[in-house]
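Comments concern the structure below.
Residue numbers (UniProt numbering): 1 to 702.
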């Protein structure tokens, strides 16, 4: 199904997914500080799991008619909500008034169902006295806002609901009101009642912590940071008493995030240090490293002006004036943001990086030669900050990166950012120019070539060139330039052996070579290279990506491999879904959508992938996902299917992905044929033939 679901289309090699460093969603940053926004996803992850299954975990096991009533209402609420989510995805592509009204109606209906549970009692009718619920009062809609939440009527006093059922219902109601409407006040009211009820129940600490997590989200939205900090402080103590380290980590990171948003960088760093010490005591090196990275980013972020801020002062705090240091800060931030998957934000940061590269200060001789000037104050007292400057009595000169080295890194980083969007030549252009620049640096060094400084300079240039070649090969593969990609990888292998860093980069080269074989239909060879990559690295992210591409091959080879693929997915599920790399999450959902037999589950997974591609900027993954969604919709919603397949075809054509064109084009041809549109069918058939010939030339260039 994955490769060529259309009838009469020959089976072709499975397209691998390219997501090493330039493919992994964070939300849009706030004032340039967006990398904190996804640190604090709830460990319980109740929001991403079907609500029906999570609700039933706390239900009483004694059968009764009343017990059945609330289950039906819960299921009905989730049905309305799922339909609203499906409409939301179509509203993005094609907003219409009718769909918007239907979307609002579904949200309201879900709320009504949960309110009916609160009105009902165990063993009583849903609507006492035979009366239906009183009309709901909605808030006045805000201009440009989403659906408005209903004002929840008071629950009749004569009706009682079991505390367990009421707790779960109010929690879910508060989630919907907060996430889908503007009625934050009502959401908070329901949540407070749910928390009070949960405190009286035994064995519900996990649910209580999930509610506290939502409470902190609401407090963050309303900017009640002090209250949120007190709640988190008590929750950390309680989680420690219950020996729940996952929640301790989560609440510590959430505290750090709130301090960060409030520009309290001192307490933010202190909280991260506390988390770091906790990880050290528990001997969890991955978590320790995770905190170190975030602590470093937090520490430097408060010292630099963010986009739009004054270059001298920012809200009264002293900031770094040296443009060279500021430039390196943005480079580190871009690499980090790209790696985690928010390519959209990384591209915005590159604009700041380019402007800093062209500042007049970067043309000074010391900057060109790799030195920076650091002013030293004449007094240890912090003074004159209010005037935006401080007095100095001397200037310290320190070694740093030369201007040419900074330009080389800028070329490499720009290539990484643009690699996944293969509708243009930016990645190829940046990396090609970067290779010219680094070759010039490698062969020219001022001073004796045998000096330690010269040797270190050549080592630095060699490694940077190696990564440029690696990313260039990836960019060429994404544009179906397989011969050029092969030459580039061979050059990289020779270069890494010559310069002595083969072992450091071997796993990445094996992975790229596996992708090249997979693109060209050499499945057996691709599997061998992927296995070699997995054996030669302890990088769990790379291993997970390798396993995902292996799963794609097995799906394409035979439908009987589904059990093996499911086992592979179970082995990497935690690394993909609970990690921080959105590229891995997107690919995992896509592969799981391919392998499942359940159409609803397949749609949910593929829609999740499609959502993540909005910030990943991965055109190949987006086109593949749209083709698969078009396949699922083609028997029920022809118009929607045609739009998805047409978009997938255009994306593939603009990125010179003939194989993707063949997949989407074949499905479009079949769709036109079933509708009796002979003219469109014949036109698409001619286009498909041209793509098929091009694919044959790419796979068999001789």
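Beta carbons are placed, not taken as given, at the ideal position from N, Cα and C, and that holds for glycine.
Asked	Found
Nearest-angstrom Cβ-Cβ length linking residue 619 and residue 408, presumed shorter than 8 Å	Not quite, the Cβ-Cβ distance comes to about 27 Å (not below 8 Å), so this is no contact.
Where residue 150 falls, given that 16 or more other Cβ within 10 Å makes a residue buried	Note that residue 150 scores 44 on pLDDT, short of 50, meaning its location in the model is unreliable; the coordinates nonetheless yield the value given after this. Classification of residue 150: buried, given that the 10 Å Cβ count is 16 or more.
For residue 635 and residue 599, the rounded distance between their alpha carbons	12 Å
Extent of the continuous alpha helix (DSSP H) run through residue 203	No alpha helix (DSSP H) contains residue 203, which DSSP labels as neither H nor E.
At least three beta-carbon pairs within less than 8 Å, the region 102-122 to the region 71-85	yes
Cβ shell of residue 609 (< 8 Å), same chain only, five flanking positions each side left out	586, 587, 589, 590, 593, 621 and 625
Any 3 or more C-beta pairs closer than 8 Å across the region 493-502 and the region 543-558	no
Closest Cα partner of residue 223 within the set 263, 68 and 249	263
Terminal residues of the alpha helix (DSSP H) in which residue 174 lies	163-180
C-alpha distance - residue 258 paired with residue 455, whole-angstrom precision	46 Å
Whole-angstrom distance between residue 112 and residue 205, CA atom to CA atom	28 Å
Which of helix, strand or coil DSSP assigns to residue 405	helix
Integer Cβ distance of residue 719 from residue 494, believed to fall under 8 Å	Because the chain spans 1 through 702 in this model, residue 719 falls outside it and cannot be assessed.
Host alpha helix (DSSP H) of residue 481 (start-end)	Here residue 481 belongs to no alpha helix (DSSP H), and DSSP marks it neither H nor E.
Supposed close pair residue 507, residue 539 - CB separation, criterion 8 Å	7 Å
Nearest-angstrom Cβ-Cβ length linking residue 190 and residue 201, presumed shorter than 8 Å	Not quite, the Cβ-Cβ distance comes to about 17 Å (not below 8 Å), so this is no contact.
Residue burial classification, residue 574 (beta-carbon count within 10 angstroms, cutoff 16)	exposed
Residues near residue 652 in its chain [Cβ-Cβ closer than 7 Å; skip 5 each side]	623, 660, 661 and 664
Through-space distance from residue 401 to residue 353, alpha-carbon basis	15 Å
Residue 262, enclosing alpha helix (DSSP H) - first and last residue	Taken as a continuous stretch (DSSP letters only), residue 262 belongs to no alpha helix (DSSP H), as it is neither H nor E.
Residue environment, residue 98, which counts as buried when at least 16 other CB atoms sit within 10 Å	exposed
With 16 other Cβ atoms within 10 Å as the buried cut-off, status of residue 474	buried
Outcome for residue 497 when other beta-carbon atoms lying within 10 angstroms are tallied against a minimum of 16	exposed
Classification of residue 242 by the beta-carbon crowding that lies within 10 angstroms, buried from 16 upward	exposed
Helix, strand or coil at residue 225 according to DSSP, with G and I counted as helix	helix
Counted within 10 angstroms of its Cβ, other Cβ atoms place residue 466 as buried (16 or more) or exposed	buried
Separation of residue 577 from residue 690, as counted between CA atoms	39 Å
Where residue 115 sits in the DSSP three-state scheme	helix
Assigned secondary structure, residue 359 (DSSP; H/G/I helix, E/B strand, else coil)	coil
Straight-line Cα distance separating residue 532 from residue 438	30 Å
Proximity winner among 570, 208 and 553, relative to residue 167 (alpha-carbon distances)	208
Residue 115 classed as buried or exposed, judged by whether at least 16 other C-beta atoms fall within 10 angstroms	buried
Residue closest to residue 443, alpha-carbon to alpha-carbon, out of 458, 430, 429 and 434	458
Residue closest to residue 86, alpha-carbon to alpha-carbon, out of 552, 611, 671 and 582	611
Pairwise C-alpha distance: residue 274 and residue 246	14 Å
Environment of residue 403 [buried if 16+ CB atoms lie within 10 Å]	buried
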